[in-house]
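Peer 1: Numbering follows the working numbering, with no gaps: position 258 of the sequence shown is 924.
C-beta: ideal position from N, C-alpha, C; glycine also.
Got a structure for you, questions after.
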Amino acid sequence: MTQPRYPPIGSLGVIGDGRSLALLDSSGYIQWYCPIRFDNPPLVWPLLDHERGGCVGLDVGGARPTMSYIPETGVVRYEWSTDTGRVRATVAIPFGADSDHQDVVWYLEGLEGSLHVDFVFDPRPDFAHEAREIDRSGGAITMETASFSAAVAGSGLFHPADRGMGASTPVAAGDQVAWVIRMSHDGVVVPPETEPADARRAIEATIGEWREWVKTITYQGPYRENVVRSAIALKQLIYEPSGAVVAAGTTVSSRGDRRRP
C-alpha cells in the first residue's frame with residue numbers, strides 16, 4: 667500500500683458536512699475521521715499512529731495519484747495515471763443526512779485503459795479501545811462497536827485482506843464504480859445504495875450545495891480563490907446544528923473515562 671507515514675498536515679484534504687469531517691491524504695486514504703459528530707471517537711486515526719490507527723481508503727496498484735479540490739467546494743478529487751490506464755475518484759461526505767447517520771462516498775470513473783482498484787476497510791474505533799465485529803453479507807459488510815454501527819457496500823465483493831476487509835475491481839475506460847460507508851448511532855445500519863448513479867448524484871448534489879454557499883461570499887478582490895478556499899476551510903470547522911466552531915478537525919471530547927493512545 668502507498669499510505670504515507672505521518673504526512674504533513676498541510677498536504678491533507680478535508681471533506682465534511684457541518685457535523686464532522688475526515689482528513690484525506692495524498693495517496694487515497696483517510697488519516698482521521700470521527701463519524702457523525704466532531705466529538706465522537708475516531709473510526710480511523712493513522713495520523714496519530716500509522717501502525718495502530720487503522721486503514722480506510724483506495725489503493726490502485728501502489729500508484730500515487732494527483733489530489734485536488736473541485737473548485738469552490740469541499741469535495742476532493744484523485745486521479746491515478748499509469749502505463750495501463752487512468753482512473754478518477756471523487757470523495758465527499760454529502761450534506762443533508764439525518765442526525766443518526768452519515769455517509770462517506772467514493773465515486774470512480776475509468777478514463778483510459780484499465781486499472782485495478784482496491785478498497786480497504788480496516789477501522790480501529792476509539793483508539794482501538796472498542797471491540798469491533800465485522801460481518802460479511804452478500805456484497806456488503808457491517809460493523810458494530812459500543813459507539814456506532816457501520817455498513818460498507820460498493821463495487822466488488824469484500825474479502826478478508828492483510829488488514830481488515832478489502833474489495834477489488836478492475837476499472838476500465840467508461841466504467842463507473844462506487845463505495846459508500848454509512849455510519850449510524852441507531853443500532854444496526856442498513857447497507858447504503860451503491861449504484862454508481864446514486865453515488866454520482868450524491869456527489870453532484872454536494873458540489874452544487876458548496877457552490878451555492880460560495881455565491882454568498884461577496885469578496886471580489888485579489889486572490890479571491892484563496893479567500894474562498896480559506897472560507898470553506900473555516901466552514902468545515904463549524905458544527906452546523908449549533909454554530910459552534912471546533913478547535914481543530916481532530917478534536918475529540920473528554921467525556922466519561924475515554925482513554926487516549
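Would you grab the beta carbon distance between Leu823 and Ala833 for me? Rounded to a whole angstrom, and I think it's under 8 angstroms.
Peer 2: With a Cβ gap of about 6 angstroms, Leu823 and Ala833 count as contacting.
Peer 1: Quick check: what's the CA-CA separation for Gly887 versus Thr739?
Peer 2: Using only the alpha carbons, I get a separation of about 19 angstroms.
Peer 1: Taking the continuous alpha helix (DSSP H) assigned at Leu900, which residues delimit it?
Peer 2: Leu900 -> alpha helix (DSSP H) spans Arg890 to Lys901.
Peer 1: Among residues of its own chain, excluding the 5 on either side of Ser677, which ones have a beta-carbon nearer than 8 angstroms to its beta-carbon?
Peer 2: Once the five neighbours on either side are set aside, the close Cβ partners of Ser677 are Asp691 and Ser692.
Peer 1: Check whether the Cβ atoms of Val771 and Ala897 sit closer than 8 angstroms, and answer yes or no.
Peer 2: Cβ distance not < 8 angstroms, so Val771 and Ala897 don't count as in contact.
Peer 1: If you compare alpha carbons, which of Val856, Gly779, Pro708 and Ser813 is closest to Ser803?
Peer 2: Looking at the Cα atoms, Val856 is the closest of the given residues.
Peer 1: Indicate the three-state DSSP secondary structure (helix, strand or coil) for Val912 in the structure shown.
Peer 2: It is coil, neither helix nor strand.
Peer 1: Taking the beta carbon of Thr882 as the centre, do at least 16 other beta carbons fall within 10 Å, making it buried, or is it exposed?
Peer 2: Flag for Thr882 reads exposed.
Peer 1: Considering only the beta carbon of each residue, do Phe787 and Ile702 sit closer than 8 angstroms?
Peer 2: No, the Cβ-Cβ distance between Phe787 and Ile702 is not below 8 angstroms.
Peer 1: With burial defined as no fewer than 16 other Cβ atoms inside 10 Å of the residue's Cβ, what is the status of Arg671: buried or exposed?
Peer 2: Exposed: under 16 other Cβ atoms inside 10 Å.
Peer 1: Using the Cβ count rule (16 or more neighbours within 10 Å means buried), how would you classify His767?
Peer 2: Result: buried.
Peer 1: Under a three-way DSSP split, which group does Ile873 fall into?
Peer 2: Helix at Ile873.
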